[in-house]
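**Q** Next up is a structure, given as structure tokens.
Numbering (my numbering), first residue to last: 78 to 169.
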């Protein structure tokens, strides 16, 4: 990622306790919700991408990063390179 930029910059707050991850086109691609756990003693952030829970984080920054990584993975092919990179099969 570019130096000085963090996925948290793509987060837009609202309603209270909820952040929407917004892409450059203005579309939402993820949601972070703040939750109190352990009888209200601790705070956790629930990271969701396309309605699926990715996990729980101890910081807003980490939750945004989890969602952004899922967003980036969705833009590439799922698997290894198709090219053989010049390797030839071993003759038998």
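Glycine included, every Cβ here is placed at the ideal spot set by N, Cα and C.
#1: Of all the options 92, 133 and 128, which has the alpha carbon lying nearest to the alpha carbon of residue 121?
#2: Would residue 82 and residue 137 be called neighbours here (beta carbons separated by less than 8 Å)?
#3: Tell me the DSSP secondary structure of residue 127 in three-state form.
#4: Excluding five sequence neighbours on each side, which residues of the same chain lie with their C-beta closer than 8 Å to the C-beta of residue 148?
#5: Check residue 140 in the structure and name its three-state DSSP category.
#6: Should residue 114 be labelled buried (16 or more other beta-carbon atoms within 10 Å of its own) or exposed?
#7: Per the DSSP calculation, residue 97 is bridged to which residue(s)?
#8: Do residue 152 and residue 87 have their CB atoms nearer than 8 Å?
**A** In terms of the structure at hand:
#1: Here residue 121 is taken as the residue at index 44 of the chain shown, counted from 1. Selected option, being the one with the closest Cα: 133.
#2: Position 5 of the chain shown, counting from 1, holds the residue named residue 82. Position 60 of the chain shown, counting from 1, holds the residue named residue 137. No; because the gap between Cβ atoms is not below 8 Å, this pair is not in contact.
#3: Numbered from 1 along the chain shown, position 50 holds the residue referred to as residue 127. The answer is coil: DSSP assigns residue 127 none of H, G, I, E or B.
#4: Looking up residue 148 in the chain shown gives position 71. Only 98, 100, 106, 107 and 126 meet the Cβ criterion.
#5: Along the chain shown, read from residue 1 onward, the residue named residue 140 stands at position 63. Looking at residue 140 - three-state DSSP - the assignment turns out to be helix.
#6: Locating residue 114 in the chain shown gives position 37, where the first residue counts as 1. Its Cβ having fewer than 16 others within 10 Å, residue 114 is exposed.
#7: Taking the first residue of the chain shown as position 1, residue 97 is located at position 20. For residue 97, which the question treats as bridged, DSSP gives the partners 89 and 108.
#8: For the purposes of this step, residue 152 is taken as the residue at position 75 of the chain shown. For the purposes of this step, residue 87 is taken as the residue at position 10 of the chain shown. Cβ distance not < 8 Å, so residue 152 and residue 87 don't count as in contact.
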